[in-house]
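Participant: For reference, the structure I am asking about is given below.
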Amino acid sequence: MSAVLCVVCPKENAHSLVSLMPRNYCRCSSGNKLSSKLSFSSGVSAYSSAVANPSRSVQEWVHEVVLKQADLMREHRRKTAMDLEKPIENDRSTNWNRLNEAFERCREVTAEYAKTFYLGTLLMTPERQRAIWAIDVWCRRTDELVDGPNAIYITPKALEIWETRLNDLFEGQPYDVYDAALSYTISKYPVDIQLFKDMIEGMKLDLRKSRYENFDELYLYCYYVAGTVGLMSVPVMGIAPESKASIESVYNAALALGIANQLTNILRDVGEDAIRGRIYLPQDELAQAGLSDDDIFRGKVTDKWRSFMKGQIKRARMFYDEAEKGVSELNLTSRWAVWASLLLYRQILDAIEANDYNNFTKRAYVAKVQKLASLPVAYARALMRPSKLAKFELGW
Ligand SMILES: CC(C)=CCC/C(C)=C/CC/C(C)=C/CC/C(C)=C/COP(=O)(O)OP(=O)(O)O
91 MSAVLCVVCP KENAHSLVSL MPRNYCRCSS GNKLSSKLSF SSGVSAYSSA VANPSRSVQE
151 WVHEVVLKQA DLMREHRRKT AMDLEKPIEN DRSTNWNRLN EAFERCREVT AEYAKTFYLG
211 TLLMTPERQR AIWAIDVWCR RTDELVDGPN AIYITPKALE IWETRLNDLF EGQPYDVYDA
271 ALSYTISKYP VDIQLFKDMI EGMKLDLRKS RYENFDELYL YCYYVAGTVG LMSVPVMGIA
331 PESKASIESV YNAALALGIA NQLTNILRDV GEDAIRGRIY LPQDELAQAG LSDDDIFRGK
391 VTDKWRSFMK GQIKRARMFY DEAEKGVSEL NLTSRWAVWA SLLLYRQILD AIEANDYNNF
451 TKRAYVAKVQ KLASLPVAYA RALMRPSKLA KFELGW
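In the numbering used here, the protein residues as written are 91 to 486.
This is the structure:
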């Protein structure tokens with residue numbers, strides 16, 4: 091097997107594993123939990139699936155989701171000769187005034203809440219940008235249910251109602267303008283409902299779970315709440331026609347970016363989460379580092395903490411590295427947005443280091459000037475041509 095990074099083991103460096111391709115098991119000395127079973131009881135789909143076939147690991151399960159998405163995209167390419175670049179206004183059965191208004195409302199939300207990413211989407215074709223805003227808004231609203239001002243009133247039942255709405259909009263029966271925008275989007279792009287359902291599953295998990303036993307559990311959570319977003323984005327952003335990479339490898343990179351972003355988010359917000367009684371860091375890794383929940387609640391930066399954080403940051407960076415391999419394979423017009431958000435989010439890890447690993451009381455952030463400086467870098471990277479190499483030559 092070609093030399094690739096183990097993105098699971100925080101302490102180790104380059105290993106003999108593609109953890110995102112779970113059939114290749116990690117052979118590194120830290121013995122990660124790739125082959126361990128899901129260990130929390132819930133009604134989640136991954137759990138039931140793992141119970142049905144208990145020898146499968148979490149990452150294998152997620153990898154199968156990736157393969158399914160890649161199949162869907164292939165199938166879509168085969169079935170439709172539809173040119174996604176052509177103006178969608180050609181569709182006569184659509185009420186364009188209402189739909190345009192719906193997309194405009196989505197645009198406003200993305201522009202308000204994800205400023206830099208929004209800027210990046212402006213380079214995309216109008217059809218793609220509208221679709222991305224619609225997806226972004228649905229994900230944001232889903233996240234708001236458990237993270238927003240009304241979060242304390244949200245019960246699993248409320249999430250079930252949200253899921254019913256999701257089913258309805260996939261059936262062409264949207265409840266409101268934002269749903270209408272997504273309903274139209276999913277009718278045009280091969281975006282799988284499972285990804286949306288899995289995201290809701292992540293929110294349900296968040297409601298009932300405040301500790302993660304090991305990286306397997308955390309990885310699954312990260313897939314649910316962020317990996318799904320990456321996978322939803324690929325069909326809309328599109329793969330460059332000249333790309334020689336496999337569809338799976340692009341989906342893998344998108345998944346890796348979602349996971350990397352979520353891990354970064356978790357590392358940045360350790361202090362804030364602790365105030366809410368939540369610890370997303372793997373309990374077994376904390377214990378191995380000689381740390382306990384109490385150390386986190388006390389919030390003292392010690393050498394043990396620094397060393398633990400170094401391992402966590404290293405692992406998050408490995409996921410970014412994995413993601414970077416795929417960005418250049420996306421359609422040219424989609425690359426800037428992805429590079430910009432990747433570079434900016436990745437820099438939060440540098441900011442945690444610059445804060446001497448005090449993520450208890452200091453919020454790591456990227457200064458505005460640094461953000462601005464990253465935009466031309468992202469632009470330059472976006473111009474890089476997708477690999478002309480065959481996938482086996484890339485080691486994917
Ligand atoms: C790499 C390839 C091939 C494609 C790109 C695929 C994409 C777009 C991946 C990104 C997925 C993504 C945006 C996941 C969400 C991650 C996340 C932690 C978002 C946090 O959002 P906010 O809560 O608004 O962030 P702040 O808390 O920082 O404001």
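All C-beta atoms, glycine included, are put in the ideal place defined by N, C-alpha and C.
None of the values given here were measured: they were computed from a predicted structure.
Please confirm if the segment 314-326 is in contact with the segment 273-293, defined as three or more CB-CB distances below 8 angstroms between the two stretches.
Facilitator: Touching, yes, given that three or more Cβ pairs across the two stretches are closer than 8 angstroms.
Participant: State the DSSP-derived secondary structure class of Pro476, mapped to helix, strand or coil.
Facilitator: As a position in the sequence shown, residue 476 is number 386, starting the count at 1. Of the three classes helix, strand and coil, the one that applies to Pro476 here is coil, per DSSP.
Participant: Excluding five sequence neighbours on each side, which residues of the same chain lie with their C-beta closer than 7 angstroms to the C-beta of Leu434?
Facilitator: Residue mapping note: residue 434 aligns to position 344 of the sequence shown, counting from 1. Thr206, Val456, Lys461 and Ser464.
Participant: Which runs of the alpha helix (DSSP H), 4 residues or longer, sit entirely within the segment 229-295?
Facilitator: 246-260 and 267-278
Participant: What residue range is occupied by the uninterrupted alpha helix (DSSP H) comprising Leu371?
Facilitator: Residue numbering aside, residue 371 sits at position 281 when the sequence shown is read from its first letter. Looking at the DSSP string, Leu371 is not in any alpha helix (DSSP H); the run it does join, the beta strand (DSSP E), is Ile369 to Pro372.
Participant: Kindly examine ligand 1 and report whether one of its heavy atoms sits closer than 7 angstroms to the Cβ of Gly320.
Facilitator: Start at 1 with the first residue of the sequence shown, and residue 320 comes out as number 230. For ligand 1, at least one heavy atom lies less than 7 angstroms from the Cβ of Gly320.
Participant: Should Tyr203 be listed as close to ligand 1, given that the test is whether its C-beta is under 7 angstroms from any heavy atom?
Facilitator: The count along the sequence shown starts at 1 and reaches residue 203 at position 113. Yes, ligand 1 has a heavy atom inside 7 angstroms of this Cβ.
Participant: Assign Gln219 to one of two classes, buried (16 or more other C-beta atoms within 10 Å of its C-beta) or exposed (fewer than that).
Facilitator: The residue labelled residue 219 in the question sits at position 129 within the sequence shown. Per the 10 Å Cβ criterion, buried.
Participant: Quick check on Pro488: buried or exposed, where buried means 16 or more other Cβ atoms within 10 Å of its Cβ?
Facilitator: The structure shown does not extend to residue 488, since the chain is modelled only from 91 to 486, so the question has no answer here.
Participant: Quick check on DSSP: helix, strand or coil for Arg301?
Facilitator: Translated into the one-based positions of the sequence shown, residue 301 becomes position 211. Strand.
Participant: Is it right to say Pro466 is buried, meaning 16 or more other beta carbons lie within 10 angstroms of its own, or is it exposed?
Facilitator: What you label residue 466 is simply residue 376 of the sequence shown in a count that begins at 1. Pro466 should be labelled exposed.
Participant: Alpha carbon to alpha carbon, how far is Gln352 from Met327?
Facilitator: By one-based count along the sequence shown, residue 352 stands at place 262. By one-based count along the sequence shown, residue 327 stands at place 237. Straight-line Cα distance between these residues: approximately 20 angstroms.
Participant: Assuming Ile337 contacts Ala160 (C-beta within less than 8 angstroms), just tell me the rounded distance between them.
Facilitator: One-based indexing of the sequence shown puts residue 337 at position 247. One-based indexing of the sequence shown puts residue 160 at position 70. Sure, about 4 angstroms apart at Cβ, within 8 angstroms.
Participant: Leaving out five residues on either side along the sequence, give the residues of the same chain with a beta carbon under 7 angstroms from the beta carbon of Leu381.
Facilitator: Translated into the one-based positions of the sequence shown, residue 381 becomes position 291. Excluding positions up to five away in sequence, the list reads Lys394, Trp395 and Phe398.
Participant: Within 10 angstroms of its Cβ, does Trp429 collect 16 or more other Cβ (buried), or is it exposed?
Facilitator: Within the sequence shown, residue 429 is the residue found at index 339, counting from 1. Buried.
Participant: Out of curiosity, what's the CA-to-CA distance linking Asn449 and Lys400?
Facilitator: As a working mapping, residue 449 is identified with position 359 in the sequence shown. As a working mapping, residue 400 is identified with position 310 in the sequence shown. Cα-Cα distance, rounded: 12 angstroms.
Participant: I want to check one thing, is the minimum distance from the CB of Leu272 to the heavy atoms of ligand 1 below 7 angstroms?
Facilitator: As a working mapping, residue 272 is identified with position 182 in the sequence shown. No, Cβ of Leu272 sits at least 7 angstroms from all heavy atoms of ligand 1.
Participant: Quick check: does the Cβ of Gln352 come within less than 7 angstroms of any heavy atom belonging to ligand 1?
Facilitator: As a first step, residue 352 is located in the sequence shown; it is residue number 262 there, counting from the start. Because some heavy atom of ligand 1 lies under 7 angstroms away, the Cβ of Gln352 counts as near it: yes.
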